[in-house]
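In the UniProt record's numbering, the protein residues as written are 1 to 299.
C-beta: ideal position from N, C-alpha, C; glycine also.
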């Protein structure tokens, strides 16, 4: 039984670990390790797709943003910088990370810096595949160097925020559920003209459009977050590739409450670069995965 279960907090709320800024991975590791498969659409393109006519940004804002995940996936890989800021009525915590995602092998790796005052220290290392997340340095009771393996369906937020970052595939995949899109303007970043779009997205629709295990995390977040029309800002280049996306998720810090004072806002920023540059990411060896006992808590 987890600490959350012993204290009576509903299993579908990710609030306690974020409100205390104790480190998002503690929440993830407190749930038992889960099995996972690697099927489903995750934004990558086939070899035929990658050799087809070069992608181009669509004139229609809605189509341009919805297409961004697939177009970005056809680049083969991308390096990423992440920032996740959680804000409640009385607390604020910021997590920053870096890594990348291989869209061909459908695997990514992120290293997330834990803010001061968290229950875990240093950095959290995260390896993600469609439907699966491995976490290293996820809690005091997990031996050093070992990993905890989780099925994202075990996490109320689908791992969109609970490990301190939104992985690049999920951050882009959420855009498949865009319901509103407005072209704000064009901005030049590092010499590249980028088209800035703003609107709202629906995570449940994004999950359906993504499909397979790749949609599981998006579906879980859609069920848990209290604001269903998720605000976003996205920056795309002339090819339609995603360079940056900011998504704002909201959940009830007090289970079941709709009061504004009890809501926790999570602003997730993912920036992509170095398209096609190889990304080093691999599943941990079976011998390095820590199997928690059913009654064991990682804290």
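- Looking at the DSSP output, residue 101 shares a beta bridge with 78 and 108.
- For residue 120, there is no enclosing beta strand (DSSP E), as DSSP marks it with neither H nor E.
- Counting along the chain, the unbroken beta strand (DSSP E) around residue 198 starts and ends at 192 to 201.
- Boundaries around residue 250 are those of the beta strand (DSSP E), 242 to 252, since no alpha helix (DSSP H) includes it.
- Under the Cβ criterion (8 Å, minimum of three pairs), the region 61 to 79 counts as touching the region 166 to 175.
- Shown here for residue 229: same chain residues with a beta carbon closer than 6 Å to its own, the five before and five after excluded, namely 200 in chain order.
- By alpha-carbon distance to residue 206, the top candidate from 173, 213 and 194 is 173.
- Nearest to residue 66 by C-alpha distance, out of 157, 96 and 176, is 176.
- Beta-bridge partners of residue 233 (DSSP): 198 and 246.
- With fewer than 16 other Cβ atoms inside 10 Å of its own Cβ, residue 291 counts as exposed.
- Out of 120, 122, 287 and 192, the CA that lies nearest to the CA of residue 241 is found in 192.
- By alpha-carbon distance to residue 226, the top candidate from 236, 217 and 253 is 253.
- In the DSSP assignment, residue 172 falls within the alpha helix (DSSP H) that extends over 168 to 173.
- Residue 223 and residue 217 have their C-alpha atoms spaced approximately 10 Å apart.
- Between residue 146 and residue 154, the gap from beta carbon to beta carbon reaches 9 Å or more.
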